[in-house]
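The sequence shown lines up with residues 391 to 883 when you count with our numbering.
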Amino acid sequence: MLRFRPVDALTPYAGYSLADLSRRGKPISQEGVSEIATRVLGHPDAPRLDLAAARIGTDGAVVFSDGRLERAEDEFCLSLGLTLASLAHGQPPHMSWLLDGIPRPEAVSWQLAHFMRCLSDPVRSRRTSSLDAARSLLKHAAPYDNAAQHPWRCFRGDPVRCGVSTDELKGSTIAVKWYRQHTEILASPVVVGSGFLLVVTSAGRLLTIDADNGEVAFELALGAATESTAAICNGRAYLGADDGVLYCIDIASGSLAWKKKLGAMIRSSPLATGSSVYVGTIDGPERGAMFCTDASKGKPVWSYKCQEVFSSAALVGDSTISFGSDDGSIHSLDTGSGRLLWKVPTGTKVRATPAAATGLYVGSFDGCLYSIAADGSVRWKRETGKPYFSSPAVGASIVSCGSHDGHIYAFDRATGEVRWKYFTGGPVVSSPVITSSELTVAASTSGAIVVLDPAGSPVASFALGKTIRSSPLVMNGSIFAGHEAGLTCLSLR
């Protein structure tokens, strides 16, 4: 098998001096490979190498018309270069490494190998379909940086479930930036790594999606329908599925770390706090539980029996979780032992997730929104008539929540007085987001997506024309909405 000097091998593709990437004559690093490939894929004027101009010299070196490859350093770098050229020409490279398998030196991440495999597959239908798709694969090949994790990393953003985004929206006109068709998305997107969304479809496909263009950089089949939103913690993604299994995915390797059967079905979105994962189960009519499992192996630590748990646990302080159940109560448990601290009955099902902000805010199927103090006493409740499945977002002065009557309501945090309401055209089962400037972003089953100012007046609205049950995500000035036909990114201007 022929081996080649990587710096010279890649220079004709990029059209740049590589002095700033790797000192000449030194082996180039994986980061250097990624940087070169980024330049090749990202620069519109990057020259394309004519493979027909390459020939094998008498000494075994590969000679191009504009340069000579003389020394072996890293075959993987050459493979990447030839693969990029094959992308430009639409033909797979005919190299012996395709027969022997892609070289896997220790420095090569699984994402970079996945990138190579997709670009160079001899079967055209299995190669990337566009330059955008190739760019997304390459960006995903960057090492996963847990320290750089975006704050929106679980259902409602963070463990207290307040639904407040640190990102901002500016503009009054909404337009579609991109749309990608998938089976229905009921879970909400979360942010993983640098500029990627992690979202699971109702068919149980866990997707890593480039937020810039919607391309799927990686996917993993879980094998069961899924409505549970993933929780990202310490480089792992935790989510439940309709087979009653709690899944743990290692983000850096893209592999299943462990899975644990906990019940008949899991619709609750996990709460991951570092060493523990909390998730509710559905075990049959009037049967369910809240589980605490060990985050590293999935071993159950304790379980608390109640009726069906669709609600997700909210972290209250350092040692308490709170959630709703189909028994009609809001339960508060000690995180260490699972001991019941208190519960507040509402009279009917509580499937919304509480928001923990100096107490709790949560809606019930009884048509009331509740404000509950840390000791379990009810500070106020406000009836609006129709059930709440939507979970509240808690801003500086208002609590925003969607109702089955089709309205988005804003309640005064202190008194529960209705500050304003906005009709969306259909029941609201997804949960709103409040931005740092107190804008409320909400979606409806009518297909409407609205951005409302602190007084409840519409800043922008858009008719998507698709049923939306997934809660929207706000990131980098865009709104990401899962719906019955896939995922759409909307930009404001």
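Here a beta-carbon is modelled for each residue, glycine too, at the ideal position from N, C-alpha and C.
These figures come from a predicted structure and were not determined experimentally.
- Beta-bridge analysis with DSSP links Val864 to Ile869.
- In the structure shown, the three-state DSSP call for Asp724 is strand.
- Of the residues assessed, Lys529 falls on the buried side of the cut-off, its CB having 16 or more other CB atoms within 10 angstroms.
- Nearest neighbour of Tyr799 by Cα position, chosen from Val768, Ser827 and Val831, turns out to be Val831.
- DSSP places Asp522 within a helical segment (H, G or I) once states are collapsed to three.
- Phe813 and Gly775 have their C-alpha atoms spaced approximately 14 Å apart.
- Fewer than three beta-carbon pairs drawn from the region 759 to 770 and the region 678 to 687 are found closer than 8 Å, and the two stretches are therefore not classed as touching.
- In the same chain as Ala662, and ignoring 5 residues on each side of it, the C-beta atoms closer than 6 Å to its own belong to Ala621, Cys623 and Tyr628, in chain order.
- Beta-bridge annotation (DSSP): Ser761 is paired with Tyr751 and Trp770.
- By the neighbour-count criterion, in which a residue is buried when 16 or more other Cβ atoms sit within 10 angstroms of its Cβ, Leu597 is buried.
- In the DSSP assignment, the residues bridged to Gln571 are Gly876.
- DSSP places Lys689 outside both helix and strand once states are collapsed to three, so it counts as coil.
- Of the residues Asp602, Gly547 and Val691, the one whose Cα lies closest to the Cα of Ala577 is Gly547.
- Per the C-alpha coordinates, the member of Ala871, Ile788, Thr619 and Ile599 positioned closest to Ser584 is Ile599.
- If you check the CB distance, Glu574 and Glu874 come in under 8 Å.
- At the C-beta level, Gly796 and Val768 stay beyond 8 Å of one another.
- By the C-beta density criterion, Gly688 is buried, having at least 16 other C-beta atoms within 10 angstroms.
- Within the same chain, Cβ atoms closer than 6 Å to the Cβ of Trp732 are found at Ser722 and Gly766, the five residues on either side in sequence being excluded.
- For Lys739, the secondary structure class from DSSP, reduced to helix, strand or coil, is coil.
- Closest in C-alpha terms to Gly664, from the list Tyr751, Phe700, Thr725 and Gln697, comes Thr725.
- Taking Leu705 as the centre and dropping the five residues before and after it, the same chain places the C-beta of Pro549, Val550, Leu661, Thr663, Ile711 and Ala746 closer than 7 Å to its C-beta, in chain order.
- Excluding the 5 residues flanking it on each side, Ser659 has same chain C-beta neighbours closer than 6 Å at Phe545, Ser618, Thr619 and Ser702, in chain order.
- Residue burial is scored here from C-beta neighbours: Glu698 has at least 16 other C-beta atoms within 10 angstroms and is therefore classed as buried.
- Per the DSSP secondary-structure output, Leu730 pairs in a beta bridge with Leu723.
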